[in-house]
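Enquirer: Numbering-wise (UniProt numbering), the sequence shown opens with residue 1 and increments by one. Below is a structure I'd like to ask you about.
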Amino acid sequence: MVGGGNAGISLAAKLRRDGCRDVAIVEPKQVHEYRPLLSYVASGMATLDDLRKPQASVMPRGVRWYAGSVVGIEPERSLVRLADGEDLTYSDLVVCPGSQVDWDAIPGAQQAMTTPQASTSYLPELAPGTWTMLSSLVAGTAVFAISDRHVPCAPVGLKPLFTAADHWRRTGALDAITIELLVSGEHLVDLPRADRELRSVAESYGVHVRTRTSIESVDAFTRSLRLRTPDGFDDLRYDALYLAPPHRAPDWLATSGLTSPTSDGFLAVDPRTLQLVAHPTVWGLGDAAAVDALPSGGALRKQVPVVAHNIAARRTGATMRRYDGYSVAPVTTSRRELLLAEFDRDGRPEPTTSTPDLVRPRRSLLLFDRYLEPQVYWHRLLKGKVS
Ligand SMILES: Cc1cc2nc3c(=O)[nH]c(=O)nc-3n(C[C@H](O)[C@H](O)[C@H](O)COP(=O)(O)OP(=O)(O)OC[C@H]3O[C@@H](n4cnc5c(N)ncnc54)[C@H](O)[C@@H]3O)c2cc1C
Numbered sequence: 001m002v003g004g005g006n007a008g009i010s011l012a013a014k015l016r017r018d019g020c021r022d023v024a025i026v027e028p029k030q031v032h033e034y035r036p037l038l039s040y041v042a043s044g045m046a047t048l049d050d051l052r053k054p055q056a057s058v059m060p061r062g063v064r065w066y067a068g069s070v071v072g073i074e075p076e077r078s079l080v081r082l083a084d085g086e087d088l089t090y091s092d093l094v095v096c097p098g099s100q101v102d103w104d105a106i107p108g109a110q111q112a113m114t115t116p117q118a119s120t121s122y123l124p125e126l127a128p129g130t131w132t133m134l135s136s137l138v139a140g141t142a143v144f145a146i147s148d149r150h151v152p153c154a155p156v157g158l159k160p161l162f163t164a165a166d167h168w169r170r171t172g173a174l175d176a177i178t179i180e181l182l183v184s185g186e187h188l189v190d191l192p193r194a195d196r197e198l199r200s201v202a203e204s205y206g207v208h209v210r211t212r213t214s215i216e217s218v219d220a221f222t223r224s225l226r227l228r229t230p231d232g233f234d235d236l237r238y239d240a241l242y243l244a245p246p247h248r249a250p251d252w253l254a255t256s257g258l259t260s261p262t263s264d265g266f267l268a269v270d271p272r273t274l275q276l277v278a279h280p281t282v283w284g285l286g287d288a289a290a291v292d293a294l295p296s297g298g299a300l301r302k303q304v305p306v307v308a309h310n311i312a313a314r315r316t317g318a319t320m321r322r323y324d325g326y327s328v329a330p331v332t333t334s335r336r337e338l339l340l341a342e343f344d345r346d347g348r349p350e351p352t353t354s355t356p357d358l359v360r361p362r363r364s365l366l367l368f369d370r371y372l373e374p375q376v377y378w379h380r381l382l383k384g385k386v387s
């Protein structure tokens, strides 16, 4: 496994459970993070301590851990190169190094992030400041922008928006704050019923929703944004700016021969079997793989068993399992309630359960997402208990 995040740890644990003897993970970080809680940190409802554990404590028993970084892969030689000069060979390789914020895509955005008036939940070092920024705003314009460029679980960018709007309503500041929501795509979420529900929540807070609108550049000095809209260009000033920023694949993937002209730098896998099209012993998993579906931790619940099965199936000639593009977007609609959108790559509903209706905002769903889901993550998903 290249990468010991959600994908790498879950799959390594699953392979060990299934009886695979020789499993190794390359992962440079000493601390493992449960990233979905970052949205709650940015909403003032969790701390960074709530989402961190030592990496050593989540390494599955019997798995060899190389605490370094991969700098290149040579699939023709079945070789992985580490930054410290060591080479590893493999019979099957699973590449799951995630994605990274692409600040180059929005000139000025990274500089803006150094000011108290701009922030994101997508980087742990900035997530706590997001709530400081939002909760201290008492008047002015708050802009929330959600990119459609490979953002992990992009609709969760609405969590800080709705929890802040609820806070402003409670403190009486809402009438003095203009809230602008800029969404690069056509929808707030790719499930029509949930999209309608979220739009009506937005309306209830007086949020101005602009779809097919993205930020071209940020001028942190004048606190203004250059926007690309369906009608051309526009300018917008802000007093608080929240970004769910564009992401890109790790740069070294492009030189590893594991991408294709259409995969935008991400791993060119068969989106159903998750096997590399050009290299059958290489597999792509998680945020780094071009699977034509919303990247999310929820998606990994379905992807991990598929790859675990298919690695064995390739060797025995058994039929491969297929990933249908399932993904999930949990969105808080206030500081008390949350709705859960689950759908496949064609936007068809794929709810885990039909009763209760998960697309209706509920208190119980927020409690599940904030408190129970992290326990499921540490004690089930990272232990490979998925089927
Ligand atoms: C703010 C935020 C909120 C989210 N909310 C939700 C949510 O509510 N629900 C949900 O389902 N999903 C959510 N997600 C998405 C979810 O966290 C990701 O989809 C998931 O973490 C992807 O797992 P991954 O293993 O592919 O990538 P990651 O978790 O990013 O792990 C990649 C790992 O690879 C390592 N790595 C990177 N480069 C190298 C290298 N060169 N060599 C070796 N190792 C390397 C990294 O250190 C990292 O540990 C959220 C994500 C964010 C950022």
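Just so you know, even glycine gets a beta-carbon here, dropped at the ideal spot from N, CA and C. Keep in mind the model is a prediction, meaning the values are calculated, not measured.
Enumerated in chain order, which unbroken segments of the beta strand (DSSP E) with a length of 3 residues or greater are wholly contained in the stretch 126 to 214?
Expert: If one requires a minimum length of 3 residues, the beta strand (DSSP E) runs lying completely within the stretch 126 to 214 are 140 to 146, 177 to 183, 208 to 211, in chain order.
Enquirer: Is E86 close to ligand 1? I mean its beta-carbon at under 8 angstroms from any heavy atom of the ligand.
Expert: no
Enquirer: So which of C153, P152, A154, I177 has the shortest CA-CA distance to A164?
Expert: I177
Enquirer: By Cβ distance below 8 angstroms, which residues in the same chain neighbour residue 389 in space, the five residues on each side in sequence not counted?
Expert: Any answer about residue 389 is impossible in this case: the structure gives the chain only from 1 up to 387.
Enquirer: For L339 and D369, what's the separation of their Cα atoms in angstroms?
Expert: Their Cα atoms are separated by approximately 10 angstroms.
Enquirer: Let me know if H150 comes out buried or exposed under the rule of 16 or more other beta-carbons within 10 Å of its beta-carbon.
Expert: Only buried fits H150, as 16 or more other CB atoms lie within 10 angstroms of its CB.
Enquirer: Would G108 and V218 be called neighbours here (beta carbons separated by less than 9 angstroms)?
Expert: yes
Enquirer: Have a look at P230, T229, I215 and flag the residue whose alpha-carbon is nearest the alpha-carbon of R223.
Expert: I215
Enquirer: Could you spell out the range, first to last residue, of the alpha helix (DSSP H) harbouring A268?
Expert: Unbroken run through A268: none, as it is neither H nor E.
Enquirer: Please indicate yes or no: does the CB of P116 lie closer than 8 angstroms to some heavy atom of ligand 1?
Expert: no
Enquirer: Here's a check: name, in chain order, each residue in its chain whose Cβ is nearer than 7 angstroms to the Cβ of A249, leaving out the five neighbours to either side.
Expert: S99, G265, F266, A288
Enquirer: Have a look at V143, D239, D18, R301 and flag the residue whose alpha-carbon is nearest the alpha-carbon of Q117.
Expert: D239
Enquirer: Is K14 close to ligand 1? I mean its beta-carbon at under 8 angstroms from any heavy atom of the ligand.
Expert: The closest heavy atom of ligand 1 lies 8 angstroms or more from the beta carbon of K14.
Enquirer: Going by C-alpha distance, which of P295, I73, V183 is nearest A145?
Expert: V183
Enquirer: K29 by DSSP, collapsed to three states: which one?
Expert: Correct three-state label for K29: coil.
Enquirer: Roughly how many whole angstroms lie between the Cα atoms of residue 390 and C20?
Expert: Residue 390 is absent from the model: the chain starts at 1 and stops at 387.
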